[in-house]
Each structure stands twice: as C-alpha cells, then as structure tokens.
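Novice: Residue numbers (our numbering), protein chains in the order written: chain A, 1 to 317; chain B, 1 to 317.
Glycine residues also receive a C-beta, built at the ideal position from the N, C-alpha and C atoms.
Just so it is clear, the structure is predicted and the values come from calculations on it, not from any experiment.
Put into structure tokens, the structure is as follows:
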C-alpha cells in the first residue's frame with residue numbers, strides 16, 4: 001500500500017509529476033499551496049479583494065470557488081445558463097446546490113430568458129463553432145457583472161491542462177499576439193476588469209481530487225458541443241507526452257510563463273491597439289459595433305435550434 | 001489515377017500539405033525550388049561560394065549534395081566514419097559510391113583510425129548517450145575541415161522533420177537560448193565557419209522521393225544508437241498532429257522562423273558569452289580545456305566497446 005509523502009499515512013492518489021503519493025489531507029494542502037503560489041507569483045489578488053468566480057458547475061470552477069473561500073477571499077459566483085439542453089440544466093443544478101449548501105451568493109444569467117438566444121442557436125445563426133459564441137457571451141457578461149458589482153477581479157477555473165493545451169495550439173501556429181496575452185493574469189484596463197486564473201498550477205486530475213475529497217458534487221459530463229474540437233486533441237497530445245515523461249506538461253506551461261513571459265513583454269507593450277466605443281452598447285471595440293452586439297442581434301433573430309440538432313451533426317462528422 | 005498538379009501527367013507521390021500530387025519531374029522541381037527559397041530567404045550562400053557538405057550516406061545528405069550541385073554551387077563532401085559497426089561500414093559505402101559515380105571529391109575521416117576512438121566507445125567512456133559524443137565529434141571535425149579547406153560554409157542535411165522535432169523539444173522546455181540559436185543559418189564568428197541547413201523546407205518523405213527519382217542509392221537503415229531517443233518521440237508526436245491536420249509541421253517550423261525569429265533576435269544579440277581559448281588545441285571554448293579535447297582524451301584511453309554491446313543494452317531497456 002502506498003504511503004503519503006508527507007505523513008506516511010495511507011495514500012489516496014499518486015501524482016507522477018511530483019513523484020509521490022498523497023493522503024486526502026495532504027493532497028488538499030498541496031492544492032491550497034499551489035493556488036496560493038499562483039496568486040502570489042502573479043499578483044492576482046491582494047488580501048481582502050472581492051472576486052467574482054465564473055461558475056459552470058464543473059470540477060474546476062467549484063474547486064476554485066471553494067479554494068478562494070478557504071484562502072480567505074470574499075468570493076461570489078456567477079452562473080450563465082448557456083441553453084445547451086440537459087447539459088446546461090444539470091450544470092446549473094450543481095452550481096446552485098453548491099452555493100445553497102454553503103450559503104453563498106450565486107448570481108444567474110440565462111442567455112435565452114435574459115438575452116433572447118442560446119449557444120446552439122448562436123452557433124447555427126453565425127455559422128461558427130459553438131465555442132466561439134459561448135466564449136464571446138461569457139466574456140462580456142462576466143465583464144459587465146464584475147464592473148456592475150464592484151468586484152476587483154474575475155476568477156476562472158482554467159487549470160494546467162487547459163492552459164497547456166491552449167499554449168500548444170498557439171505555439172504550433174506561433175501566434176505571437178495570442179502567446180503574449182496567454183498569462184494567468186490580465187490586468188484591468190480599457191474598461192475591462194482584471195482576469196485571473198488561480199488554478200494554473202493544478203492539473204484537472206488534482207482539481208477533481210480536491211472536489212472528491214471535499215465532498216463537492218460536480219458535473220462530470222463534458223460539454224456536448226465541445227466534442228472533437230482541436231483543444232481536446234491538443235490535450236490528448238500533451239497527455240501522451242506526459243505519460244512518456246512525467247512533468248512535461250507543467251514544465252511546458254510554467255516554463256513558458258517564467259522564460260518566455262519576459263521575452264514577450266515588449267511585444268505585449270507594443271500591441272495596445274487603438275480602441276473605439278461600440279455605437280450600440282458603449283463597450284470598447286475595434287470596430288463600429290462590437291462583436292457581442294452583432295452576436296446578440298444575429299442569434300436573437302434566429303429561430304431557436306435545439307442542442308440535439310448540432311450534436312447529432314457533430315457525431316455524424 | 002492521380003495526376004500531377006503541374007503537368008496533369010501520372011503522379012508518383014501525393015503531398016497532403018501541398019494538397020496535391022506530383023510526377024517525378026515536378027516533384028524534383030518542387031524540391032529544387034524549396035531549396036533555392038531556403039538559401040535565398042536566409043542568405044545561406046552567395047553564387048560561386050564553395051561549400052562543404054556533411055555526408056552520412058543517408059537520403060538527406062546525398063539529396064543535399066546532389067541539389068547543391070544542381071543549383072550550381074561548388075560542393076565537396078566530408079564523410080566521418082563513426083565506428084558504429086556494420087551501420088557505419090554500409091553508410092560509408094553509399095557515400096563513396098555516390099561520389100565515385102559522379103567524380104566528386106569526398107574527404108574521409110575515421111574516428112578510430114585517425115583519432116583513436118569511436119562513438120560506441122566514447123558513449124561508454126563518458127557515460128552519456130551516444131548522440132552526445134557523435135554530435136560533438138562531428139561539429140568539431142567539420143569546423144576544422146571547412147576552415148582548413150577554405151570553404152565558405154558547412155551544409156548539413158537537416159530536413160523539416162528534423163528541425164520541427166528539435167523545435168518541439170526546445171519548446172516543451174522553453175529553452176530560450178536553444179530556441180534563439182535554432183535558425184537555418186548560423187553566421188561565421190568566434191572562429192566557427194558559417195553553418196547552413198538548405199533542406200529545412202523539405203520533409204524527409206520529399207528528400208527520399210528526390211533520391212528515388214534521381215536514382216540515388218542511400219542507407220535506409222536508421223542509426224542503431226539513436227533507437228528510442230527523445231528526438232524520435234517528438235517526430236512521432238508531430239506526425240500524429242500532421243495526420244490530423246496536414247500542414248501543421250511546416251506551419252510550426254516555418255512560422256517559428258518567421259514570427260519568433262524577430263522576437264528572439266534581441267535575445268540572440270545579448271547572448272554572446274565571453275569565449276576563451278582551449279589550452280590544448282586553441283579552439284574557442286568557455287572552459288580551460290574544450291569539450292572535444294576532453295572527449296578525445298577520455299574515449300581514446302578506453303578499451304574499445306563493440307556497438308553490439310550498447311544496442312543490445314538499449315534493446316533490453
């Protein structure tokens with residue numbers, strides 16, 4: 001029987017990249033310390049700052065909310081109903097149950113009820129992949145909610161696997177603008193609130209272990225609209241490299257932050273494009289009408305498309 | 001039956017990244033043009049410059065020599081006998097036959113006969129991977145031969161697959177110094193001759209097709225000492241990404257040159273470490289005795305190790 005590296009008690013998980021096993025208590029200690037370190041290394045939050053957590057009902061966002069509260073931050077949640085059929089109904093229930101059981105404040109926005117569209121319909125109406133309309137909607141609604149609620153920052157549950165996969169995609173294309181922006185904290189500016197990713201030092205296996213050992217129920221199913229996308233392919237590639245050589249994924253992402261961050265800093269500084277103001281909503285934009293206003297206009301005018309239509313199509317591909 | 005994109009005649013090869021098929025004549029045209037473009041884009045050679053080709057007897061180095069002659073350069077060859085058993089005997093014969101059939105000048109150096117060691121023995125004596133002693137020996141002997149022979153540059157047969165795999169390894173570790181140096185031309189300086197890689201725009205499938213359609217016999221077998229090394233693992237990873245999305249490999253490597261080259265230029269400029277002179281041989285080095293003199297001393301003093309000992313050990317791993 002394997003023993004915890006810290007206390008020599010019975011272990012519940014092995015983490016090859018740390019070359020060690022851990023019991024529940026010391027797995028949690030590891031998670032807390034990695035999040036504290038990410039927050040400190042990148043000046044994500046000062047003590048006492050209020051933070052708005054982007055809550056999806058999955059393991060990462062619920063672990064993030066739980067960890068930020070554990071570390072003493074004042075953290076409220078915002079859940080956005082994306083209208084992705086039963087997947088959205090279930091994820092919303094997980095988020096709601098987590099908040100209710102702990103007496104936390106969870107704001108809710110429903111794309112269909114509040115804005116007149118949903119993600120499957122937006123995907124069909126714009127002719128783009130669903131992740132495009134989803135990301136655009138979430139970014140805007142979180143920005144607005146953080147500003148209106150007086151939060152210092154928006155925290156998202158992107159973990160090491162997510163960030164390493166995005167980094168691999170940006171690196172394979174050497175998209176220098178995207179690489180320069182792929183930092184775990186984006187400072188406030190141009191009317192946008194600060195964005196932080198406190199879980200970048202934790203793998204998805206570790207955030208899942210946090211939830212399980214803390215008794216947090218979460219949505220296990222992956223979003224049906226994301227099946228087969230490139231991001232999941234990059235995750236698979238990194239998992240193969242990690243299996244051959246444990247630690248590859250963390251070295252790839254954390255080495256990028258440490259050694260390429262400074263190299264790309266000048267590029268970031270020279271990149272500030274002139275922003276104007278959206279003629280409809282007043283948000284900062286590079287064109288006359290911002291991408292979000294254009295999305296809402298196109299998607300809300302389209303006849304609702306049930307999620308099954310798009311997922312059936314993607315299965316046929 | 002597939003047709004050549006250029007002449008609509010019967011095709012002999014399909015190149016998914018070009019989304020086209022080619023006949024032998026136009027495959028050769030494509031190869032010539034890609035090499036001309038690499039030489040021009042990176043100012044590798046001026047017309048009439050004499051170049052020393054690093055010839056191993058494999059498809060890449062023989063294709064390189066053939067292509068440089070086709071393009072009108074004065075190109076001699078240098079073959080280094082590495083003492084890797086039957087593999088070295090055969091590769092030397094392929095190099096010799098190529099040169100003899102065309103009346104070309106091929107210089108030969110034999111590590112065992114001329115320097116008192118071979119690669120398997122050097123690997124055992126230094127306790128490092130064979131590729132380490134092999135690369136160090138080749139770099140030094142090519143440098144010396146190019147300088148002594150008055151050549152303007154040393155040309156090596158590194159192809160797109162090789163360079164993309166090295167790039168992936170350097171990128172996964174974000175080794176910024178190595179990334180900054182990973183350019184297809186290294187200018188002369190500090191006593192080192194210019195180094196050029198004219199095949200960086202051709203895949204190994206394309207250099208093999210060049211040899212086959214030109215009637216060049218080459219060593220097909222891979223070096224037995226390289227089996228299972230990391231470089232081959234990175235090649236496999238890139239081949240999987242390429243199969244999912246043709247063009248990924250070329251976009252990765254050529255995009256790096258185009259977009260990261262400028263970003264890394266400042267890093268390259270600031271990187272020139274102070275070099276002193278080896279107290280034994282006078283070559284530029286960062287220590288008192290250069291790495292090559294230390295290798296020769298250690299390896300030549302060691303009892304010869306037959307190649308079978310090392311490859312049998314690596315097979316058991």
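1) Could you tell me which residues DSSP puts in a beta bridge with residue 26/A?
2) Taking Cβ-Cβ distances below 7 Å as the criterion, which residues of the stretch 92 to 110 of chain A are in contact with chain B?
3) Determine the closest residue to residue 268/A out of 76/A, 166/A, 119/A, 179/A, with distance taken between C-alpha atoms.
4) Helix, strand or coil, according to DSSP, for residue 248/B in the structure here?
5) For the stretch 188 to 204 of chain A against the stretch 34 to 45 of chain A, do three or more pairs of beta-carbon atoms, one drawn from each stretch, fall closer than 8 Å, so that the two count as touching?
6) Reducing DSSP to helix, strand and coil, say where residue 81/B ends up.
7) Looking only at C-alpha atoms, which of 75/B, 90/B, 125/B sits nearest to residue 318/B?
8) For the beta strand (DSSP E) that residue 274/B lies in, which residues bound it at each end?
9) Check each candidate in 117/A, 36/A, 8/A and name the one with the smallest Cα separation from residue 303/A.
10) Quick one: is residue 1/B near chain A, going by C-beta distance under 7 Å?
11) Going by Cα to Cα distance, which pick from 65/A, 129/A, 309/A is closest to residue 226/A?
12) Which residues share a DSSP beta bridge with residue 106/A?
13) Note the first and the last residue of the continuous alpha helix (DSSP H) segment covering residue 173/A.
14) Could you tell me whether the Cβ of residue 256/B comes closer than 7 Å to any Cβ of chain A?
15) Between residue 201/B and residue 38/B, is the Cβ-Cβ spacing less than 7 Å?
16) Between residue 156/B and chain A, is any beta-carbon pair separated by less than 7 Å?
17) Residues of chain B with a CB under 9 Å from the CB of residue 210/A: which are they?
18) By a C-beta neighbour count over all protein chains shown, 10 Å radius and 16 as the cutoff for buried, is residue 46/A buried or exposed?
19) Within the chosen definition, does the stretch 158 to 177 of chain A reach the stretch 237 to 255 of chain A through at least 3 CB pairs nearer than 8 Å?
20) For residue 201/A, decide whether its Cβ has a neighbour in chain B, counting only Cβ atoms nearer than 7 Å.
21) Would you mind telling me which residues of chain B sit closer than 8 Å to residue 166/A, beta carbon to beta carbon, in chain order?
22) Is residue 128/A helix, strand or coil by DSSP?
23) Given that residue 160/B touches chain A, what residues does it touch there, using C-beta distances under 9 Å?
24) Any chance the stretch 98 to 115 of chain A sits against the stretch 65 to 77 of chain A, with 3 or more Cβ pairs inside 8 Å?
25) Residue 251/A touches chain B at which residues, Cβ-Cβ below 9 Å?
26) Applying the 10 Å Cβ sphere with the 16-neighbour rule, what's the burial state of residue 61/B?
27) Do residue 190/A and residue 295/A have their C-beta atoms within less than 7 Å of each other?
28) Taking buried to mean at least 16 other C-beta atoms within 10 Å of its own C-beta, is residue 183/B buried or exposed?
29) Is there a C-beta anywhere in chain B that falls below 7 Å from the one on residue 268/A?
30) Can you tell me which of the three DSSP states residue 59/A falls into?
Specialist: Let me spell this out:
1) Counting from one through the first chain, the residue named residue 26/A turns up at place 26. None, per the DSSP bridge assignment.
2) none
3) Counting from one through the first chain, the residue named residue 268/A turns up at place 268. Residue 179/A is the option with its Cα nearest to residue 268/A.
4) Reading the second chain from its first residue, position 248 is the one you call residue 248/B. Residue state, collapsed to three classes: helix.
5) yes
6) On the second chain, residue 81/B is found 81 positions in, with the first residue counted as 1. Of the three classes helix, strand and coil, the one that applies to residue 81/B here is strand, per DSSP.
7) The question about residue 318/B has no answer, for chain B in this structure spans 1 to 317.
8) Position 274 of the second chain, counted from the first residue, corresponds to residue 274/B. Premise fails: residue 274/B is in no beta strand (DSSP E) and is neither H nor E.
9) Taking the first chain and counting its residues from 1, the one referred to as residue 303/A is at position 303. Per the Cα distances, 117/A.
10) As a working note, residue 1/B is residue 1 in the second chain. No, residue 1/B does not count as interfacial toward chain A.
11) The residue you call residue 226/A lines up with position 226 of the first chain. Taking only the C-alpha atoms, the option nearest residue 226/A is 129/A.
12) Locating residue 106/A in the first chain gives position 106, counting from the first residue. The partner list for residue 106/A (beta bridge, DSSP) reads 77/A.
13) The sequence position of residue 173/A within the first chain is 173, counting from 1. Run containing residue 173/A: none; DSSP gives neither H nor E here.
14) Position 256 of the second chain, counted from the first residue, corresponds to residue 256/B. At least one chain A Cβ lies under 7 Å of residue 256/B.
15) Taking the first residue of the second chain as position 1, residue 201/B is located at position 201. Taking the first residue of the second chain as position 1, residue 38/B is located at position 38. Cβ atoms of residue 201/B and residue 38/B: closer than 7 Å.
16) Position 156 of the second chain, counting from 1, holds the residue named residue 156/B. Not closer than 7 Å to any Cβ of chain A, the Cβ of residue 156/B fails to qualify, so no.
17) In the first chain, residue 210/A corresponds to position 210, counting from 1. Those within 9 Å of residue 210/A in chain B number zero; the least Cβ separation is about 27 Å.
18) Here residue 46/A corresponds to residue number 46 of the first chain, with the count starting at 1. By the 10 Å Cβ count, residue 46/A comes out exposed.
19) yes
20) Looking up residue 201/A in the first chain gives position 201. For residue 201/A, not one C-beta of chain B is nearer than 7 Å to its own C-beta.
21) Residue mapping note: residue 166/A aligns to position 166 of the first chain, counting from 1. Listed along the chain, the chain B residues whose CB falls inside 8 Å of the CB of residue 166/A amount to none; the nearest CB is some 14 Å away.
22) Translated into positions along the first chain, residue 128/A becomes position 128. Coil at residue 128/A, not helix or strand.
23) Translated into the one-based positions of the second chain, residue 160/B becomes position 160. In chain order: nothing, as chain A lies at least about 14 Å away.
24) Touching, yes.
25) Counting from one through the first chain, the residue named residue 251/A turns up at place 251. In chain order: 172, 173, 174.
26) Counting from one through the second chain, the residue named residue 61/B turns up at place 61. Buried.
27) By 1-based counting over the first chain, the position of residue 190/A is 190. By 1-based counting over the first chain, the position of residue 295/A is 295. The beta carbons of residue 190/A and residue 295/A sit no closer together than 7 Å.
28) Looking up residue 183/B in the second chain gives position 183. Buried.
29) Here the question's residue 268/A lines up with position 268 in the first chain. Judged by the 7 Å Cβ criterion, residue 268/A is not in contact with chain B.
30) Here residue 59/A refers to the residue found at position 59 when the first chain is read from its first residue. Residue state, collapsed to three classes: helix.
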